[in-house]
Structure formats: structure tokens, C-alpha cells
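Letter by letter, the sequence shown follows residues 0 to 255 in numbering that gives the first Met the number 0.
Ideal Cβ positions, reconstructed from N, Cα and C, are used throughout, including at glycine.
The structure under discussion appears below in the form of C-alpha cells.
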Amino acid sequence: MSYTPELKTEFRDTIAPALQKKFGYKNVMEIPQLTKISLNVGMGEAVQDPKKLETAVAELALITGQKPSVTTAKKAISNFKLREDVRIGAKVTLRGDRMYDFLKRFISIACPRIRDFRGLPKTFDGRGNYNIGLTEQLTFPEIDIDKISKIYGMNINFVTTAKTDEEAEELFRSFVKRYVLAKKCMIAREVKRERLAKRYEKKIAELKEAGDYEGLSKIPRNAFKTRQRNRCSVTGRPRGNYRKFGLSRIALRDLA
């Protein structure tokens, strides 16, 4: 039995008919769809230390599941000590099933891991394509923080067949509607901690009263109330929250 990505099946069965109905397409070929995803990493320091580029290429392969191609300088720039045809970056272009698999991991796992995430910016290029820049590769769970030698950013380009930004925005909104663009994983983690704390509340009190610190050390650390944090129910932000509303000041201002 052949494998079909979940988002690809959803696009074919649900998203495409909804887009056709909303924009009134007469032909199914007019429906905008995602054609490819490109990831680009620039490593200017590779001029002095080529090993840093090799590390970036290996990490990009881990993230995408595809071997990256190395990019070279098109012209020499003396101020940057750059010569023509020197290797200074890497890129990967994803299509087909790998593209849909990466998109699902990006919107459901990587996006909530972005530091101080408030949702994806509307950075469309006017021709139906979407671009986003990441400041660090640690956003992706495939990267082990203990093994990295340098933190670097990357640019991700989503290419679609949409003719306008409105069509492209509706396409992406349809893809991500199942995954709330906020730190829902953090919110779910706090709910688990609350349940765990209630389960061990009586046992912890008994051990504290008996002075059994060895027994306390065997209790899961997330079972203690000190591990819980108040988070916004919309964005998952841990700071600047109003307990009365369960919202952060940013979410409250957006709703006002």
C-alpha cells in the first residue's frame, strides 16, 4: 500500500473543493496549490572555516530528509574576502510527498517552538508566494542542541500557483486551520502538569510531613506545583498574563 501524506489527502478532499467554491473557479486546474518548498542557508563564515558549512549541510539534511546542494558565490567581493565560486551556502528544494510532510512538521511542531511566537507574518510577495525567515535552526526538533557548533538562520520559501496574495493566504489558512498558530503544545504541557500535580498532591504532603526527602526525590518533577506556569490560552505566552481572563496582554489587545 502506497503512502500518501495526510495534508495531501486533506488538500484533495477538503481544501481544494472549498477554495473552488469560495473563489468560483470553473476549472479545477485554476485552484491554487503548493508546488515546492525551498530552504536556503547562507554561511558567510564558511569563507574562513569550511567546516561550518559542512555542519550546516548535515543539519539541513536532517531537517528536510533530503541531501542539500551547496551554493557558491557568483562574483568576488574584496571587502568580504570573498572570491568567485567559493562555497558559501546550501539549499534544498522539496516537492511531492516530502513537501507535504515537511509542511505538516513545520506548522504543527516547528512553529510552536519559535521563541515568543505570535503567529506567522503575512509576508507574501505579491505573486502568491510566501516567505518566512527563521533566526535559528533549533526551531526544528531534529537538531540536538548539545551537538551544534553555531546558531544560524534560514529562509523558507513556499511557492504556489496562486495568482494573488489573497488566494495564497486562503490556501495557507486552510492548511494551518487544524493547527492553531500558537504555542498549543506548551498549553497542553501545562494541563498535563496540573493533572500530575493533583495525582501526587496527597503523597507529596505526606512525604513532606514525614521529612522523607529521599521519597520526594523519586516523585516526578513535573508533579510539583512549582513547575506550573500561567500561560495565555491563545498564544501560550508565559509572561504578561491576566489570570482573570486567561489571556496575555497582547492577545487581549488583539481581541479588544
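Where the beta strand (DSSP E) containing residue i begins and where it ends
i    : result
I155 : M153 to T159
S307 : This structure cannot settle anything about residue 307, because the visible part of the chain is limited to 0 through 255.
G132 : Y129 to L133
Residue i - DSSP class collapsed to helix/strand/coil
i    : result
V40  : strand
Y241 : strand
A75  : coil
L119 : coil
S232 : coil
S173 : helix
Buried or exposed (CB count within 10 angstroms, at least 16 for buried), residue i
i    : result
F79  : exposed
R192 : buried
A209 : exposed
F105 : buried
Q136 : buried
L38  : buried
L59  : buried
T8   : exposed
L254 : exposed
T13  : exposed
CB contact flag (residue i, residue j, <7 Å)
i    : j    : result
K35  : T92  : yes
G239 : R248 : yes
N128 : V158 : yes
T138 : G152 : no
P4   : D96  : yes
Bounding residues of the alpha helix (DSSP H) (the contiguous stretch that carries residue i)
i    : result
T8   : E5 to E9
I87  : It is not in any alpha helix (DSSP H) - I87 instead sits in the beta strand (DSSP E) that spans R86 to L93.
K217 : Neither: K217 is in no alpha helix (DSSP H) and is coded neither H nor E.
E83  : Careful: E83 lies outside any alpha helix (DSSP H) and carries neither H nor E.
V303 : Outside the shown range of the chain (0 to 255) lies residue 303, about which nothing can therefore be said.
L137 : No alpha helix (DSSP H) contains L137, which DSSP labels as neither H nor E.
Q19  : A15 to F22
Check whether the region 101-108 touches the region 68-79, counting contact only when three or more Cβ pairs, one atom from each stretch, lie closer than 8 Å.
no
For the structure I just gave you, are there three or more beta carbon pairs, one from the region 42-60 and one from the region 80-89, closer than 8 Å?
yes
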